[in-house]
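Peer 1:
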Amino acid sequence: MARRGGHKKRRQNVNREPNGRLSRRKEYQRNLRNQEREETEREAMETAMAARLRAGIPQNLAQSVGTIEAALFASNALSRDQYEAAVFYNTVRIKYLSAIDEPHAPREPRGPSQGGDEEAFERFCAGAIQQWEGMRNQVMDSQSLLGNTANLFGALDSLERGQILEHQLGDLRCALNAVHKFRINSTKRAA
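Start counting the sequence shown at 242; every next residue gets the next number (the working numbering).
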């Protein structure tokens, strides 16, 4: 017996031919899937940012939660000062690697060979090297106070590689406390 009362529901969000039939063209379906994926990723990032802000992470730091230091902060293994010191350490390290012309380092300003201002680049290099050495000296001082019981540079090296082991967490906290102390002292000198 024939079906009464209407037709099958039409599928939504699909490409149709001019005669009304479903189109079988693959590129339209691929574009639709990519568009849906982008929307889903954007929604996930917005949700993650909202959760980070609710957790107390400052908005300027909330975007870098994909890093190991942010994961440690989110799990309450690091304090806020230690987290900010880890971000500061990574920033200074990138500037230092850029200043010494490390081939695999991300670049900060343009050097004279790339068409930048030569004097500004020299000032940047001198400042970055001075800041890196001052921070390393502060960590060395903390290392000498702790003696042979801690390996602060090993913990910072593990932080750079993104592989902190549980037994290094105490050393990492001590190293980040030293970096935080350097950061506080350097901002006082600059002011």
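Each residue gets a CB set at the ideal place from its N, CA and C atoms; glycine is no exception. Every value quoted in this text rests on a predicted model; they were computed, and no experiment measured them.
Name, in chain order, the residues that DSSP records as bridge partners for residue 257.
Peer 2: Answer is 263.
Peer 1: DSSP state of residue 326, grouped into three classes?
Peer 2: Three-state result, residue 326: helix.
Peer 1: Is it the case that the Cβ atoms of residue 393 and residue 380 are separated by a distance below 8 Å?
Peer 2: For residue 393 and residue 380, yes; Cβs fall inside 8 Å.
Peer 1: Among residues of its own chain, excluding the 5 on either side of residue 415, which ones have a beta-carbon nearer than 7 Å to its beta-carbon?
Peer 2: Correct list, in chain order: 383, 387, 391, 393.
Peer 1: In chain order, what residues of the same chain have a beta carbon less than 6 Å from the beta carbon of residue 397, not counting five sequence neighbours either side?
Peer 2: These residues qualify, in order along the chain: 416.
Peer 1: Out of 411, 271, 330, 288, which one is the CA nearest neighbour of residue 318?
Peer 2: Selected option, being the one with the closest Cα: 411.
Peer 1: CB residue 256 to CB residue 266, shorter than 8 Å?
Peer 2: Their beta carbons are under 8 Å apart, which means residue 256 touches residue 266 by this criterion.
Peer 1: Look at the alpha carbon of residue 300 and the alpha carbon of residue 250, and state the distance between them as a whole number of angstroms.
Peer 2: Cα to Cα, residue 300 sits roughly 46 Å from residue 250.
Peer 1: Within a Cβ cutoff of 8 Å, which residues of the same chain sit near residue 405, ignoring the five residues on either side of it in sequence?
Peer 2: Only 309, 313, 396, 399, 413 meet the Cβ criterion.
Peer 1: Alpha carbon to alpha carbon, how far is residue 326 from residue 428? Give it in angstroms, no decimals.
Peer 2: If you take the alpha carbons of residue 428 and residue 326, they lie about 13 Å apart.
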